[in-house]
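Accompanying notes for the structure given below.
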Amino acid sequence: MPIELPSPAELQQLAATLSLRLDDADAAAYSRACAGFAPAYTTVESLPQDIPAIAYPRGTPHAPAPETNPCGGWYYQCEVKGAPHGPLAGMRVALKDNVCLAGVPMMNGSRSLEGYVPEFDATIVRRLLDAGATILGKAVCEDLCISGISETAATGPIPNPYNPAHACAGSSSGCSVLLASGAVDLAIGCDQGGSIRLPAAWSGTVGLKPTHGLVPYTGIFPIEPTMDHTGPMARTVRDVARMLDVIAGKDPDDPRQGEVHRPASYAADLGASPKGLKIALLREAFAWPGVSDEAVDTVVRAAAQKWAELGASVTEISLPEHRWGLDVMIVIGTEGGWRTMFAQEGAVMGWRGFYPTSLMEAFATGRRKHGDAIYPSAKILALMGQHLHQRYHGQHYAKAQNAGRVLRRAYDRALGEFDLLVMPTIPFLPPALSPTPLPIEDKIRRANEPLFNTAPFNITGHPALSLNAGFAQDLPVGLMMVGRHWQEKPLLEAAHALETALAPTFSPPALRISYPRAG
Numbered sequence: 373m374p375i376e377l378p379s380p381a382e383l384q385q386l387a388a389t390l391s392l393r394l395d396d397a398d399a400a401a402y403s404r405a406c407a408g409f410a411p412a413y414t415t416v417e418s419l420p421q422d423i424p425a426i427a428y429p430r431g432t433p434h435a436p437a438p439e440t441n442p443c444g445g446w447y448y449q450c451e452v453k454g455a456p457h458g459p460l461a462g463m464r465v466a467l468k469d470n471v472c473l474a475g476v477p478m479m480n481g482s483r484s485l486e487g488y489v490p491e492f493d494a495t496i497v498r499r500l501l502d503a504g505a506t507i508l509g510k511a512v513c514e515d516l517c518i519s520g521i522s523e524t525a526a527t528g529p530i531p532n533p534y535n536p537a538h539a540c541a542g543s544s545s546g547c548s549v550l551l552a553s554g555a556v557d558l559a560i561g562c563d564q565g566g567s568i569r570l571p572a573a574w575s576g577t578v579g580l581k582p583t584h585g586l587v588p589y590t591g592i593f594p595i596e597p598t599m600d601h602t603g604p605m606a607r608t609v610r611d612v613a614r615m616l617d618v619i620a621g622k623d624p625d626d627p628r629q630g631e632v633h634r635p636a637s638y639a640a641d642l643g644a645s646p647k648g649l650k651i652a653l654l655r656e657a658f659a660w661p662g663v664s665d666e667a668v669d670t671v672v673r674a675a676a677q678k679w680a681e682l683g684a685s686v687t688e689i690s691l692p693e694h695r696w697g698l699d700v701m702i703v704i705g706t707e708g709g710w711r712t713m714f715a716q717e718g719a720v721m722g723w724r725g726f727y728p729t730s731l732m733e734a735f736a737t738g739r740r741k742h743g744d745a746i747y748p749s750a751k752i753l754a755l756m757g758q759h760l761h762q763r764y765h766g767q768h769y770a771k772a773q774n775a776g777r778v779l780r781r782a783y784d785r786a787l788g789e790f791d792l793l794v795m796p797t798i799p800f801l802p803p804a805l806s807p808t809p810l811p812i813e814d815k816i817r818r819a820n821e822p823l824f825n826t827a828p829f830n831i832t833g834h835p836a837l838s839l840n841a842g843f844a845q846d847l848p849v850g851l852m853m854v855g856r857h858w859q860e861k862p863l864l865e866a867a868h869a870l871e872t873a874l875a876p877t878f879s880p881p882a883l884r885i886s887y888p889r890a891g
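Using the numbering used here, the first residue of the sequence shown is number 373, and each one after it goes up by one.
Given below as structure tokens:
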């Protein structure tokens, strides 16, 4: 369609926002000059868009029936069968509902995108299908993925599978309950502040945020390109490694990736002994004032000692910089997220590659129509981002990115001496879901609270994995381990050794949510 050109009066208003001045004569002249741009835009509207081809039949997607969706974990169900053979043949996969799957509705947890149906697959979707996986649907996520707790999705809260009165963390909330209940074998989560690791911790599953750029983000609704991560979730470390083997690697269409380093296989030789590993418990990640639950700290410390029984050394170290990592993430996520999501309509601009134009258009239209329905944790990002841009012009974003370099060097120094840094994934147990509507301030606080230990590593890009360390008050406790950049394989080996050592000690409570086996 032809673009609408600005009138002289509109140009004067635009000029004022840019600290320019146009008198009436200038405004009329610039208005005439703008008309010279119209033919180029008309031409571009008619040009081919180079949308990736669809290789596998879609079938007919459907909204889940209540009896097959007991806690609202599914947004849409489908059956997309991949190649007949491959390393993931027979494995059932759920995709977080910010991942594009052609022909299947996508909501990103928000009324602002409801009704959108992508016509292309994300890069990782193509890789999963080529590896023989079967995709069974889209898992509910939090509203625009701006929440670490599972009560913000437009479709309703996601309860904890071990106690439905309590929360299951976000924003990959649906993925975690579908995995924990056995509805699927694998899931794709996305993580800008902890959104893979947090729900893994509170559902007793395994979630890996890979090194930034190891797994391509192409075809996934973004938040902030320097923080955007996507990665595998599963019930076991071995299945996480199998999935990472398939989805990791270079994609020329993703601007987040530079040079990518990966081994031939992450899943091979997972039985390696941790003997000789040097593991550091990060003191500042425990006992957060006013936040930490002593029971969580106790479970994580006890689990870490299992490595010592297997021949590793376990030492406590201090790294004071860890305590300001969340603040850095909040500044980058607020201003950068505003720019990507609200100023650029869900696109990362300034690079050559595939742009999801239909997604951009759907979000631009939907958020203007349903903006008031956006959850407060996402709404505050839009409001603060707009304010900071107009008043401070990105200065705090720039300072936070520079501080992030300092934070990365601090972790790198520690990882130069130790192989892993270990801490609670979330420093407290899952809170009760609120039975009544909360004040706006409380909604926003609860959405951000779980991120204390996870968010710093979205800024620094280090790989971080959460696995179940045990239970307290019949609720799961996550242990998070952090490794060197591009060193997912030793991270997974250490996680597998701990998982194996802990398994005989568990007497887990019964799951309180049961999903029928899908597929």
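Think of the CB as a built atom: it goes at the ideal place given N, C-alpha and C, for glycine as much as any other residue.
| Item | Value |
| --- | --- |
| How is residue 481 classed by DSSP in three states: helix, strand or coil? | coil |
| Let's see if you can read the secondary structure: which residues bound the beta strand (DSSP E) around residue 448? | 446-453 |
| When DSSP labels each residue in this structure, what does residue 657 get in the three-state scheme? | helix |
| Taking three-plus beta-carbon pairs below 8 Å as touching, is the segment 414-423 in contact with the segment 431-450? | no |
| Please list, in chain order, all residues of the same chain as residue 399 whose beta carbon is under 6 Å from its beta carbon, the five residues on each side excluded. | 380, 383 and 384 |
| Determine which residues share a DSSP beta bridge with residue 637 and list them. | Looking at the DSSP assignment, residue 637 forms no beta bridge with any residue, so it has no partner. |
| Thinking C-alpha only, which one of 787, 701 and 873 is nearest residue 895? | Not covered by the structure: residue 895. The range shown for the chain is 373 to 891. |
| Which whole runs of the beta strand (DSSP E) in the segment 542-595 are 3 residues long or more, in chain order? | 558-563 and 578-581 |
| Do the segment 711-722 and the segment 731-747 touch if we need at least three Cβ pairs shorter than 8 Å? | yes |
| Taking only three categories from DSSP, how would you classify residue 463? | coil |
| For the beta strand (DSSP E) that residue 509 lies in, which residues bound it at each end? | 506-511 |
| Who are residue 843's beta bridge partners in DSSP? | 848 |
| Is residue 643 helix, strand or coil by DSSP? | coil |
| Over what stretch of residues does the beta strand (DSSP E) that includes residue 688 continue unbroken? | 685-689 |
| In the structure shown, what three-state DSSP assignment does residue 825 receive? | coil |
| Mind checking residue 789: buried by the 16 CB within 10 Å criterion, or exposed? | exposed |
| How many Å lie between residue 687 and residue 786 at the Cα? | 12 Å |
| Return helix, strand or coil for residue 538, following the three-state DSSP convention. | strand |
| Determine the extent of the alpha helix (DSSP H) in which residue 872 is found, giving its start and end residues. | 860-874 |
| Which residues share a DSSP beta bridge with residue 468? | 511 |
| Do you know how far the Cα of residue 709 is from the Cα of residue 722? | 16 Å |
| Any chance the segment 564-579 sits against the segment 843-851, with 3 or more Cβ pairs inside 8 Å? | yes |
| Using the C-alpha atoms, what's the distance from residue 378 back to residue 395? | 15 Å |
| Given a threshold of 16 other Cβ atoms within 10 Å of its Cβ, counted over all protein chains shown, does residue 681 qualify as buried or as exposed? | exposed |
| Buried or exposed: where does residue 813 fall if 16 or more other Cβ atoms within 10 Å of its Cβ makes it buried? | exposed |
| Below 8 Å, how does it come out for the segment 598-606 and the segment 629-641: are there three or more Cβ pairs, yes or no? | no |
| Which residues does DSSP list as the beta-bridge partners of residue 603? | 561 |
| Can you tell me which of the three DSSP states residue 532 falls into? | strand |
| Less than 9 Å between the C-beta atoms of residue 775 and residue 696, yes or no? | yes |
| Looking at the structure shown, is residue 831 part of a helix, part of a strand, or coil, going by DSSP? | helix |
| Roughly how far, in whole angstroms, is the beta-carbon of residue 485 from the beta-carbon of residue 479, given that I think they are within contact range, below 8 Å? | 5 Å |
| With which residues is residue 794 paired in a DSSP beta bridge? | 653 and 853 |
| So residue 645 packs on residue 869, CB below 8 Å; how close in whole Å? | 7 Å |
| Helix, strand or coil: which one does DSSP assign to residue 418? | coil |
| Give me the Cβ distance between residue 582 and residue 496, rounded to the nearest whole Å; I'm assuming they're in contact under 8 Å. | Contact flag wrong, Cβ pair sits at about 11 Å. |
| Cβ atoms of residue 616 and residue 640: under 9 Å apart, would you say? | no |
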